[in-house]
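Protein chains in written order, with the UniProt record's numbering: chain A, 1 to 225; chain B, 1 to 225. Backbone N, C-alpha and C fix where the C-beta goes; we use that ideal spot for every residue, glycine too. Please read these numbers as outputs of a predicted model, since none were measured by experiment. Worksheet: one structure, shown below.
There are 2 protein chains.
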Amino acid sequence: MDTAETAGLLSAHFSAWAHLTKEEQDGMLSDTVLTRYAKGACIHNGENDCKGMLLIKKGQLRTYMLSESGKEITLYRLGAGDVCVLSASCVLSAITFEVQIDAEEDSEVLFISPLYLQSLMERNIHVECFVYKTATDRFSDVMWAMQQILFMSMDKRLAVFLWDEIAKTADDTVHLTHEQVARDVGSAREVVSRMLKYFSSEGIVELSRGGIRIINKQKLRKLAE
Amino acid sequence: MDTAETAGLLSAHFSAWAHLTKEEQDGMLSDTVLTRYAKGACIHNGENDCKGMLLIKKGQLRTYMLSESGKEITLYRLGAGDVCVLSASCVLSAITFEVQIDAEEDSEVLFISPLYLQSLMERNIHVECFVYKTATDRFSDVMWAMQQILFMSMDKRLAVFLWDEIAKTADDTVHLTHEQVARDVGSAREVVSRMLKYFSSEGIVELSRGGIRIINKQKLRKLAE
């Protein structure tokens, strides 16, 4: 990957880029490294690891918590154009926890080293601000996941609803708007849309203007049980 | 409370204060309101509420998630000098979730209104940076709580250990260092210290140089079960 392409990606997805001096931009470009990962590879391994800030060029990454006994809890997924800063926790005093990150698809990832990120954060408050705002975005993702896991409500309710619908109509597609579904499951449209997006990222449904097509009945049934 | 006292609290605990212009400081002082809460009072009630940024002058607040069915999950506690920004989520695009905040003791809380905070964040990047860094601190608190809740390990293990110790010695105080306890429960000293601090905030133990004194055996036993 050439420097111009790296600069293009950084300027598009790292919003502090425009606030860097020419010297800082050049320094960042020479520090940035592209790494390719095969599907299933471990990218960041909790406390034994500090990869720095990463920007996904291609593919999909899954971030999760891992217990001592090996239990995994998926926190969120990131795709092309997304930035991850939890992998730079060693240089971020406000982040005192560790996560695991795997490649869920063949992925290409840009890395900005932790030491370089740290020096840039110390010099440029726009970089510091970007990093903590990005961390706060992930905080929101995690809180959403926790709501689902701890209160076990919407995912199951929505799965039950979709399962009942396709059983009733003998059609793999549910021809309803998110608004209508929300009314039926007693929730808000935003909540249903977000959950459907999650179902879609899990390969359970396919969303289109025409409705919600179930593409993995087995997974849906498991959720509905 | 007079203006000088408010300014003193802001300058001590709102680290962006020194980066405000005189005009911004004056504006903030005239926007800031002190409110007193009795123990048990609700301070912030999820999505129906947007109180702005708050700074605790006195007392203790508990932040928790609330399910539709009324189930509560404690996320963290804040005390004198701590700042909360989750109560300003309506003006923070990166925060898409809602929490509940109660007073656990009689408390005095300074409020900076959401609209004023928003206008200050737009004008002054140090304020924006402070807000998102504070949110990231809370992210760490929440992740710690989630680790405990989802993986149910250290709290229970530590409670079992303490329970066994006091039964063995017929003494309410466990005369061991955190380091020694950590070795015995197979964990790191930092983890044990943090958990003991949590036990202490829950009124289960009292920590001193001499050791760990159990002050609520019933609560400890319940944890150990």
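Chain A contact residues for Phe-14 of chain B, given Cβ-Cβ distances below 9 Å: Within the second sequence, numbered from 1, the residue matching residue 14 of chain B stands at position 14. The premise fails here: Phe-14 of chain B is roughly 15 Å from chain A at the closest Cβ pair, so nothing lies under 9 Å.
For Tyr-37 of chain B, the residue or residues it bridges with in DSSP: Within the second sequence, numbered from 1, the residue matching residue 37 of chain B stands at position 37. DSSP lists B:Ser-107 as partners of Tyr-37 of chain B.
C-beta contact flag for Val-181 of chain A and Leu-158 of chain A at 9 Å: Here residue 181 of chain A refers to the residue found at position 181 when the first sequence is read from its first residue. Here residue 158 of chain A refers to the residue found at position 158 when the first sequence is read from its first residue. Yes, Cβ-Cβ distance for Val-181 of chain A and Leu-158 of chain A is below 9 Å.
Neighbour flag for Thr-96 of chain A against chain B, beta carbons, 9 Å: As a working mapping, residue 96 of chain A is identified with position 96 in the first sequence. Yes, contact with chain B.
Proximity winner among B:Tyr-116, B:Ile-215 and B:Thr-32, relative to Leu-9 of chain B (alpha-carbon distances): Walking along the second sequence from the start, residue 9 of chain B turns up at place 9. Ranking the options by Cα distance to Leu-9 of chain B, first place goes to B:Thr-32.
Local Cβ density within 10 Å of Asp-102 of chain A, reported as buried at 16 or more and exposed below that: Counted from its first residue, the first sequence places residue 102 of chain A at position 102. Flag for Asp-102 of chain A reads buried.
Interface positions of the stretch 87-111 of chain A facing chain B (Cβ-Cβ less than 7 Å), listed along the chain: Cβ contacts with chain B come from Ala-94, Ile-95, Thr-96 and Phe-97.
Proximal chain B residues relative to residue 260 of chain A, where beta-carbon distance stays under 7 Å: Chain A is shown only over 1 to 225; residue 260 of chain A falls outside these bounds and no answer can be derived.
Range of the contiguous beta strand (DSSP E) that encloses Gly-8 of chain A: Mapped onto the first sequence, residue 8 of chain A falls at position 8. Element bounds for Gly-8 of chain A: not the beta strand (DSSP E) but the alpha helix (DSSP H), 3-13.
Spatially closest choice to Glu-104 of chain A from A:Leu-78, A:Met-195 and A:Val-191, by CA coordinates: Position 104 of the first sequence holds residue 104 of chain A. For Glu-104 of chain A, the nearest C-alpha among the options comes from A:Leu-78.
Helix, strand or coil at His-19 of chain B according to DSSP, with G and I counted as helix: Indexing the second sequence from 1 puts residue 19 of chain B at position 19. Helix at His-19 of chain B.
Contacting residues, own chain, Cβ-Cβ under 7 Å from Val-127 of chain A (five flanking each side not counted): Numbered from 1 along the first sequence, position 127 holds the residue referred to as residue 127 of chain A. The beta carbon of Val-127 of chain A sits closer than 7 Å to those of Ala-16, Leu-120 and Met-121, all from its chain and outside the five residues before and after it, given in chain order.
Arg-213 of chain B vs Thr-173 of chain B beta-carbon contact at 9 Å: Here residue 213 of chain B refers to the residue found at position 213 of the second sequence. Here residue 173 of chain B refers to the residue found at position 173 of the second sequence. Yes, the pair counts as a contact, with Cβ atoms nearer than the cut-off.
C-alpha distance - Tyr-198 of chain A paired with Val-192 of chain A, whole-angstrom precision: Looking up residue 198 of chain A in the first sequence gives position 198. Looking up residue 192 of chain A in the first sequence gives position 192. Across the structure, Tyr-198 of chain A and Val-192 of chain A are spaced so that their CA atoms are roughly 10 Å apart.
Interfacial residues, the stretch 117-132 of chain B to chain A, with Cβ spacing under 7 Å: Ile-125, His-126, Glu-128, Cys-129 and Tyr-132
Contacts that Ser-200 of chain A makes with chain B (C-beta to C-beta distance below 7 Å): Here residue 200 of chain A refers to the residue found at position 200 when the first sequence is read from its first residue. Within 7 Å Cβ-Cβ: nothing; Ser-200 of chain A doesn't reach chain B, min ~18 Å.
Own chain partners of Ile-166 of chain A with C-beta closer than 7 Å, once the 5 adjacent residues on each side are dropped: Within the first sequence, residue 166 of chain A is the residue found at index 166, counting from 1. Excluding the 5 residues flanking it on each side, Ile-166 of chain A has same chain C-beta neighbours closer than 7 Å at Asp-172, Val-174 and Ile-214, in chain order.
For Ser-113 of chain B, the three-state DSSP class (helix, strand or coil): Here residue 113 of chain B corresponds to residue number 113 of the second sequence, with the count starting at 1. In this structure, Ser-113 of chain B counts as coil in the three-state DSSP scheme.
7 Å Cβ shell around Lys-156 of chain B - same chain, five flanking residues per side excluded: Translated into the one-based positions of the second sequence, residue 156 of chain B becomes position 156. If we look at Lys-156 of chain B and ignore the five residues flanking it on each side, its Cβ neighbours are Leu-223 and Ala-224.
Three-way DSSP call (helix, strand, coil) for Leu-158 of chain B in this model: As a working mapping, residue 158 of chain B is identified with position 158 in the second sequence. Residue state for Leu-158 of chain B is assigned as helix, using DSSP reduced to three classes.
Proximity to Asn-45 of chain B [Cα-Cα], best of B:Glu-72, B:Met-28, B:Leu-20 and B:Glu-202: Taking the first residue of the second sequence as 1, we reach residue 45 of chain B at position 45. The residue with the shortest Cα to Cα distance from Asn-45 of chain B is B:Glu-72.
N- and C-terminal bounds of the beta strand (DSSP E) containing Lys-57 of chain B: Residue numbering aside, residue 57 of chain B sits at position 57 when the second sequence is read from its first letter. Where Lys-57 of chain B is concerned, the enclosing beta strand (DSSP E) stretches over 53-58.
Straight-line gap, Leu-117 of chain B to Trp-163 of chain A (C-alpha atoms, nearest Å): Position 117 of the second sequence, counting from 1, holds the residue named residue 117 of chain B. Position 163 of the first sequence, counting from 1, holds the residue named residue 163 of chain A. Going by the C-alpha atoms only, they are around 46 Å apart.
CB contact below 9 Å: Ser-67 of chain B versus chain A: Taking the second sequence and counting its residues from 1, one reaches residue 67 of chain B at position 67. Answer yes: the Cβ-Cβ gap between Ser-67 of chain B and chain A drops below 9 Å somewhere.
Cβ-Cβ distance between Val-91 of chain A and Cys-50 of chain A below 9 Å: For the purposes of this step, residue 91 of chain A is taken as the residue at position 91 of the first sequence. For the purposes of this step, residue 50 of chain A is taken as the residue at position 50 of the first sequence. Yes, they are a contact pair.
Where Arg-138 of chain B falls, given that 16 or more other Cβ within 10 Å makes a residue buried: The residue you call residue 138 of chain B lines up with position 138 of the second sequence. So Arg-138 of chain B ends up on the buried side.
Cys-129 of chain B versus Gly-211 of chain A - alpha carbon distance: As a working mapping, residue 129 of chain B is identified with position 129 in the second sequence. As a working mapping, residue 211 of chain A is identified with position 211 in the first sequence. Going from the Cα of Cys-129 of chain B to the Cα of Gly-211 of chain A covers about 41 Å.
Nearest-angstrom Cβ-Cβ length linking Leu-54 of chain A and Leu-110 of chain A, presumed shorter than 8 Å: Locating residue 54 of chain A in the first sequence gives position 54, counting from the first residue. Locating residue 110 of chain A in the first sequence gives position 110, counting from the first residue. Rounded, the Cβ-Cβ distance is 6 Å, consistent with contact.
Within-9 Å CB hit, Ile-73 of chain B to chain A: On the second sequence, residue 73 of chain B is found 73 positions in, with the first residue counted as 1. Yes, its Cβ sits closer than 9 Å to a Cβ of chain A.
Rounded separation between Ala-38 of chain A and Ala-18 of chain B - CA only: Start at 1 with the first residue of the first sequence, and residue 38 of chain A comes out as number 38. Start at 1 with the first residue of the second sequence, and residue 18 of chain B comes out as number 18. Here the alpha carbon of Ala-38 of chain A sits roughly 48 Å from the alpha carbon of Ala-18 of chain B.
Opening and closing residue of the alpha helix (DSSP H) in which Glu-179 of chain A lies: Stepping through the first sequence from its first residue, residue 179 of chain A is reached at position 179. Note, Glu-179 of chain A: alpha helix (DSSP H), 178-185.
Helix, strand or coil at Thr-169 of chain A [DSSP, three-state]: Position 169 of the first sequence holds residue 169 of chain A. In the structure shown, Thr-169 of chain A sits in a helix (DSSP, three-state: H, G or I).
Limits of the alpha helix (DSSP H) - the one that Glu-190 of chain A falls within: For this step, residue 190 of chain A is matched to residue 190 along the first sequence. Residues 189-201.
Separation of Tyr-64 of chain A from Val-160 of chain B, as counted between CA atoms: Numbered from its first residue, the second sequence carries residue 160 of chain B at position 160. Numbered from its first residue, the first sequence carries residue 64 of chain A at position 64. For Val-160 of chain B and Tyr-64 of chain A, the distance between alpha carbons rounds to 28 Å.
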